[in-house]
Each structure stands twice: as C-alpha cells, then as structure tokens.
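At position 478 of the sequence shown the residue is numbered 478 (the UniProt record's numbering), and the sequence of numbers has no breaks.
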Amino acid sequence: MFQLGRNIVAELRRIPDYRVVGRVTAVLGLLVEIGGVEGALSVGDRCNVKRRDGVAIICEVVGFRNERALLMPFGMLDGVGIGCEVELSDTQPQVYPDESWLGRVVNAFGQPVDGKGPLTEGPAAYPVRTAPPSAHSRQRVAGKIDLGVRAMNTFLTCCRGQRMGIFAGSGVGKSSLLSMMTRHTTSDVSVVGLIGERGREAREFIEDDLGEEGLRRSVVVVATSDEPPLMRRQAAYMTMALSEFFRDTGRDVLCMMDSVTRFAMAQREISLSIGEPPASKGYTPTVFAELPRLLERAGPGGPGQGSITGLFTVLVDGDDHNEPISDAVRGILDGHVVLDRKIAEQGRYPAINILRSVSRTMPACNTDDENQIVSRARQFLATYEDMAELIRLGAYRKGTDPKVDEAIHYFPLIEEFLKQRKTECTRLADGYADLARRLDLAPDNQEVATGVAQPGQAGQNPQQGGATVMERNRIRPQVNSRSATNGGNDLNAAKRALKRDK
Numbered sequence: 001m002f003q004l005g006r007n008i009v010a011e012l013r014r015i016p017d018y019r020v021v022g023r024v025t026a027v028l029g030l031l032v033e034i035g036g037v038e039g040a041l042s043v044g045d046r047c048n049v050k051r052r053d054g055v056a057i058i059c060e061v062v063g064f065r066n067e068r069a070l071l072m073p074f075g076m077l078d079g080v081g082i083g084c085e086v087e088l089s090d091t092q093p094q095v096y097p098d099e100s101w102l103g104r105v106v107n108a109f110g111q112p113v114d115g116k117g118p119l120t121e122g123p124a125a126y127p128v129r130t131a132p133p134s135a136h137s138r139q140r141v142a143g144k145i146d147l148g149v150r151a152m153n154t155f156l157t158c159c160r161g162q163r164m165g166i167f168a169g170s171g172v173g174k175s176s177l178l179s180m181m182t183r184h185t186t187s188d189v190s191v192v193g194l195i196g197e198r199g200r201e202a203r204e205f206i207e208d209d210l211g212e213e214g215l216r217r218s219v220v221v222v223a224t225s226d227e228p229p230l231m232r233r234q235a236a237y238m239t240m241a242l243s244e245f246f247r248d249t250g251r252d253v254l255c256m257m258d259s260v261t262r263f264a265m266a267q268r269e270i271s272l273s274i275g276e277p278p279a280s281k282g283y284t285p286t287v288f289a290e291l292p293r294l295l296e297r298a299g300p301g302g303p304g305q306g307s308i309t310g311l312f313t314v315l316v317d318g319d320d321h322n323e324p325i326s327d328a329v330r331g332i333l334d335g336h337v338v339l340d341r342k343i344a345e346q347g348r349y350p351a352i353n354i355l356r357s358v359s360r361t362m363p364a365c366n367t368d369d370e371n372q373i374v375s376r377a378r379q380f381l382a383t384y385e386d387m388a389e390l391i392r393l394g395a396y397r398k399g400t401d402p403k404v405d406e407a408i409h410y411f412p413l414i415e416e417f418l419k420q421r422k423t424e425c426t427r428l429a430d431g432y433a434d435l436a437r438r439l440d441l442a443p444d445n446q447e448v449a450t451g452v453a454q455p456g457q458a459g460q461n462p463q464q465g466g467a468t469v470m471e472r473n474r475i476r477p478q479v480n481s482r483s484a485t486n487g488g489n490d491l492n493a494a495k496r497a498l499k500r501d502k
C-alpha cells in the first residue's frame with residue numbers, strides 16, 4: 001500500500017501546469033510534420049499525436065524543416081491526418097528502475113510485456129539517452145569475469161568492465177552463445193537487450209535458451225523487428241540505462257545486446273527519413289556518431305560503483321567482416337569474437353574462430369602459466385591451419401616437420417576442448433587445467449596456476465630455478481634429424497606442386 005501511494009504521488013507531480021498544442025500539417029512515410037508549436041520544441045522532445053479516433057500516439061521530435069517540426073512515431077501512424085491535434089508531452093525519456101525488475105521482461109519504454117503484472121518504480125530517474133562517463137572518472141578494467149564458456153575463458157579472457165563484440169553472420173550461433181554466458185556467468189546481474197529480433201526467436205531465447213535460472217538474475221529488454229525504428233533504437237538505450245542502474249548499486253553487470261547492427265539499421269531509417277545523405281552502404285554519418293555514444297556507456301564505473309561488462313553482437317552483412325558497421329564497432333570495442341560459418345557447418349559449437357578473435361586485455365590479465373598454455377595452443381592451431389590443405393591432399397608425410405607433427409597430434413584435442421554444449425558450464429580455473437592436460441603441459445593431478453602468480457606456488461618451483469609448469473612438462477614428438485631433412489625437401493616439393501595446380 002505504501003508503494004502504491006508513492007507511485008500515485010510521483011504521477012501527480014508529473015501533471016503539467018499548462019499545455020502546448022499544435023496541429024499536423026503533413027504526413028509522409030514515417031514522418032509527421034507539425035506547425036504552431038515549433039518554437040517550443042527541440043530535438044528529442046516527446047509529443048502526443050491524437051488520431052481521428054482520439055487515441056494518442058507517442059512521437060519524438062527528430063528534426064526541423066522549413067520552420068516545421070518533424071516527428072517520428074513509436075507506433076503506427078494509421079488514423080493520423082492533417083489537422084490532428086499534437087500536444088507537447090512533459091514525459092521525458094527516462095526510466096525509474098528498481099531491484100524488483102530482476103526476472104522481468106520489458107519493452108523499450110520499460111513497461112512489462114511478460115504478463116506478470118505491473119513493475120514497481122524506483123525512487124531515482126535514469127535518463128534513457130545520456131553521455132558516457134568521462135574517462136578520468138572511471139576506474140581501470142581489472143579482474144577476470146567467468147563466463148562459463150571454455151573457449152572464451154581461456155583463449156579470449158574477459159575482464160570486468162571490458163567491452164567485447166561477437167561478430168557473425170545469420171544462423172551461426174550468436175544468440176546461443178549469449179544464452180550460455182547469461183546462464184553460466186558469475187556476474188551479479190545480467191541485462192539482455194534483444195534489438196530487432198524476430199518475435200518467435202525472442203520468446204524462444206527467454207524460455208529455452210535463457211531459462212528460469214538465467215532469467216532469475218536478469219532483466220530482458222525486447223523490441224521485435226516489426227516495431228518502428230524509434231522503438232528499436234530506444235530499446236538499445238533502455239538496455240544501457242538499466243545496466244547503469246545496477247552498476248550504480250555496486251554490482252558487476254553483464255550487459256548483452258543482440259544486435260548492434262539492428263540498432264544501426266534503426267538509426268539509418270530515422271536519418272534517411274529526415275533527409276540526411278547516406279555515407280557508406282546507405283549508413284548516414286549520424287549512425288557512426290551514435291555507435292560510440294551507445295557502446296562507451298559500458299565499462300568500469302566510478303569509485304564505489306560496480307562495472308558494466310559489455311557483450312555486443314554484430315550481424316555481419318554477407319559474412320563480410322570489413323563492412324562499415326563491423327569495421328566501426330571493432331574499432332570501438334576492447335576485443336572481438338569471430339563466429340565462423342565453416343566451423344558451424346562442421347558441427348562444432350560455439351563456432352569461435354580462435355585465430356581471428358582477440359581480447360585486448362590479454363596477456364596482461366593472465367599469469368605466465370596461463371599465457372604459455374594459450375600461446376602454445378594458438379601455435380598449434382595456426383600451424384595446422386597453414387598446412388591443412390597439404391594434410392587433406394595427403395601431400396604431407398609424417399616426420400617431415402616436428403612442429404607440423406605436433407599440430408596434427410594436438411589439433412583434434414584442442415577442437416574437442418573448444419566444443420561445448422549449451423547446458424554445460426566450465427569454470428575459469430577448470431578450463432586452463434583441462435587445456436593444459438590436453439597439451440601435455442601438466443600432470444593429470446596438477447592444477448595450473450590461475451589468477452596472480454605468487455612465488456613458490458603452481459607457476460614456480462624453487463628446485464627448477466623458477467621454471468613454469470609448461471617448461472617442466474613440455475612434450476614434443478621425437479623426429480630424427482635425417483628424416484626431418486629429407487622430409488623438409490619433400491614438403492617443399494609438395495608445396496611447389498600445390499602452387500602449380502592452383
């Protein structure tokens with residue numbers, strides 16, 4: 001009852017003392033042109049446009065032309081015509097989040113869409129669109145975050161406050177990877193933004209992929225592909241606003257957005273409608289200005305605050321990883337995870353291409369032992385990929401090159417390590433220990449040092465002069481020098497023959 005009274009008082013305080021009213025002068029496509037109140041409006045203001053049947057549609061001022069204000073609706077324009085009344089709304093683009101929102105699904109306005117009843121409003125207002133924190137007010141990125149996915153935890157270690165992009169074409173497993181991390185992460189809170197998703201897939205993600213366990217400590221913001229561009233853009237801003245609320249309470253937040261590309265497409269529709277000229281592949285300059293404003297809101301908080309670890313998916317157009325949005329986002333974020341269609345077609349999920357993916361907090365966030373494990377595994381993957389065509393053709397003979405022999409031996413073991421079911425969870429330390437055992441870098445009963453290496457612990461042995469676990473346990477296939485020399489000549493001949501065939 002007390003909360004109900006508080007909500008009523010808050011609503012009464014929002015009642016305006018006066019009204020600003022204009023009229024619709026033209027409707028063209030997604031735009032509504034109004035007159036009579038343009039002197040009282042500014043870009044970003046909200047207005048209510050009344051249809052012929054009296055139902056009000058919320059619109060936003062997106063620009064001005066010939067002393068007329070240009071509005072774009074958050075809903076359908078059916079029933080709006082010349083002469084319809086337009087009233088300036090005192091409602092600001094802000095939200096009043098509360099702790100009780102965990103486990104709920106909301107739309108771009110922060111209104112519940114899960115049928116579980118109304119939401120309790122919090123005491124503090126959070127602007128939906130706001131500038132990112134200044135660089136000097138933030139703390140530094142520090143401390144690993146456990147995502148529960150082996151490939152991410154080991155090869156692409158993510159730290160609290162880091163921003164990572166997941167780049168992939170359609171149907172390669174972006175949503176499945178997000179659901180795994182949402183369900184298995186050790187972060188305090190997850191905020192998931194489904195931007196421009198198909199309605200069927202949005203419900204499947206919430207009920208099947210995320211599940212009750214993941215939803216219990218998450219807030220999901222949904223704007224489906226059939227909704228107007230303003231709603232899709234607003235949903236992305238709402239996702240960041242809710243993340244900022246939980247960050248300010250001192251929590252470590254995992255903010256996941258699927259996808260940034262659809263946010264960019266929504267902004268492109270808005271910009272083209274008001275006459276902004278396109279720049280690259282139809283995307284306007286405003287799109288590339290809005291991307292850093294959105295993505296920079298994630299990151300470490302200030303003193304006494306938590307952090308927002310951002311995982312943003314990018315829908316790669318035509319599997320071209322150099323298309324404008326992919327290129328722009330990759331330059332803003334602190335790392336990128338590339339999902340490969342060929343790997344997905346081979347049945348290995350998550351289909352992460354390790355060699356094309358980068359985490360910019362590595363290797364500084366790892367111990368020497370961990371870095372040597374990852375480096376050795378990457379070397380095997382790179383060597384195998386370089387020789388894969390010769391191996392498939394049968395042109396490579398065992399014993400020709402010790403490094404290639406090692407890569408052939410360890411490649412299937414690494415591939416098996418990278419494979420993981422959606423319901424399977426692997427903790428950070430367990431992942432390094434498992435990979436080390438597969439690479440013969442540590443005995444089966446010995447764990448790899450994780451976190452910060454201390455003298456006399458797993459990463460150091462006084463009797464061996466501080467040698468690491470990898471240096472003490474490295475095992476390489478033995479190849480005699482004579483066979484290696486002869487094999488080297490055969491390998492060079494095979495490479496020359498392969499080039500002639502091409």
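Note that CB positions come from ideal geometry on N, CA and C, so glycine has one too.
Predicted, not measured: the structure shown is a model, and the values here were computed from it.
Closest by C-alpha distance to V55, when choosing among V62, A108, V149, L77: Here the closest residue by C-alpha is L77.
Once DSSP output is grouped into helix, strand and coil, what is the label at E99? The DSSP-derived three-state label of E99 is helix.
In its own chain, which residues sit with a C-beta less than 6 Å from the C-beta of G103, not counting the 5 before and 5 after it? Within the same chain, G103 has close Cβ partners L215, R216.
Using the rule of at least 16 other Cβ atoms within 10 Å of the residue's Cβ for burial, across every protein chain shown, is A382 buried or exposed? A382 comes out exposed.
Just to confirm my understanding: we take T239, look at its own chain, exclude 5 residues before and 5 after, and list those with CB closer than 7 Å. What are they? By the criterion of a C-beta distance shorter than 7 Å, T239 is surrounded in its chain by V191, G193, V221, C255, M257, once the five residues flanking it on both sides are discounted.
So, is L355 buried or exposed, given that buried needs 16 or more other C-beta atoms within 10 angstroms? L355 comes out exposed.
Just confirm the distance between the C-beta atoms of F246 and V189, as a whole number of angstroms; I'd bet it's less than 8 Å. V189 and F246 do touch by the CB rule: their CB atoms are close to 5 Å apart, below 8 Å.
Give the C-beta separation of R52 and T25 to the nearest angstrom, bearing in mind that I take them to be a contact with Cβ-Cβ under 8 Å. About 16 Å separates the two Cβ atoms, so there is no contact after all.
Return helix, strand or coil for T154, following the three-state DSSP convention. Under the three-state reduction of DSSP, T154 is assigned to helix.
Would you report the Cα separation of E269 and M362, rounded to the nearest angstrom? Each residue's Cα considered, the two are about 38 Å apart.
How would you label Q457, buried or exposed, when you count the other beta carbons within 10 angstroms and need 16 or more for buried? At Q457 the pLDDT is 37, less than 50, meaning the model places this residue with poor confidence; the figure from the coordinates comes in the next sentence. By the Cβ neighbour-count rule, Q457 is exposed, with fewer than 16 other Cβ atoms within 10 Å of its own.
Rank V113, G431, S176, M180 by C-alpha distance to the C-alpha of W101 and give the top, closest one. Nearest C-alpha to W101: V113.
Does DSSP put T182 in a helix, in a strand, or in coil? If DSSP states are grouped into helix, strand and coil, T182 belongs with the helices.
Would you call the CB atoms of R232 and R262 closer than 8 Å? For R232 and R262, yes; Cβs fall inside 8 Å.
Does DSSP put G22 in a helix, in a strand, or in coil? Note: G22 maps to strand in three-state DSSP.
Mapping DSSP to helix, strand and coil, what is A168? Assigned with DSSP and collapsed to three states, A168 falls in strand.
Sort out for me which residues DSSP pairs T224 with in a bridge. Beta-bridge analysis with DSSP links T224 to E197.
Looking at the structure shown, is S483 part of a helix, part of a strand, or coil, going by DSSP? Residue confidence is low: S483 scores 42 on pLDDT, short of 50, so the model does not pin down where it sits. Its coordinate-derived value is still stated next. Helix.
What does a CB cutoff of less than 6 Å around T313 pick up in its chain, not counting 5 residues either side in sequence? Answer for T313: I166, K174, D258, S259, listed in chain order.
Assumed close pair T426, G148 - CB separation to whole angstroms, cut-off 8 Å: For a cut-off of 8 Å, the C-beta gap from T426 to G148 is around 6 Å, short enough to register as a contact.
For E389, does the count of other Cβ atoms within 10 angstroms reach 16, so buried, or fall short, so exposed? The residue is exposed, with fewer than 16 neighbouring Cβ atoms inside 10 Å.
As assigned by DSSP and simplified to three states, the class of T361: T361: coil per DSSP, three-state reduction.
Between which two residues does the alpha helix (DSSP H) harbouring M76 extend? M76 -> no alpha helix (DSSP H), and no H or E assigned at all.
Using only the alpha-carbon positions, how far apart do K116 and E201 sit? E201 has its alpha-carbon roughly 20 Å from the corresponding atom of K116.
Where the beta strand (DSSP E) through H336 begins and ends: From DSSP, the beta strand (DSSP E) with H336 extends over 335 to 338.
Three-way DSSP call (helix, strand, coil) for S134 in this model: In the three-state scheme derived from DSSP, where H, G and I count as helix and E and B as strand, S134 is classed as coil.
Express the C-alpha separation of L70 and F64 in angstroms, rounding to a whole number. Rounded to the nearest whole angstrom, the CA to CA distance from F64 to L70 is 5 Å.
Is it a yes or a no for the stretch 299 to 307 touching the stretch 127 to 146, going by three-plus beta-carbon pairs under 8 Å? Segments in contact, yes.
Against chain B, does I34 count as a neighbour if the rule is that its beta carbon must be under 8 Å from one of theirs? The structure shown contains no chain B; it holds only a single protein chain.
For G83, collect the residues of the same chain with a Cβ closer than 8 Å to its Cβ; drop the 5 residues on either side in sequence, then sort them by chain order. Correct list, in chain order: R23, V24.
Smallest Cα separation from T286: which of S271, S307, V37? Residue S271 is the option with its Cα nearest to T286.
Do you know how far the Cα of E415 is from the Cα of D430? Between the alpha carbons of D430 and E415 lies a gap of roughly 17 Å.
With DSSP run on the structure shown, which of helix, strand or coil describes F312? It is a strand residue.
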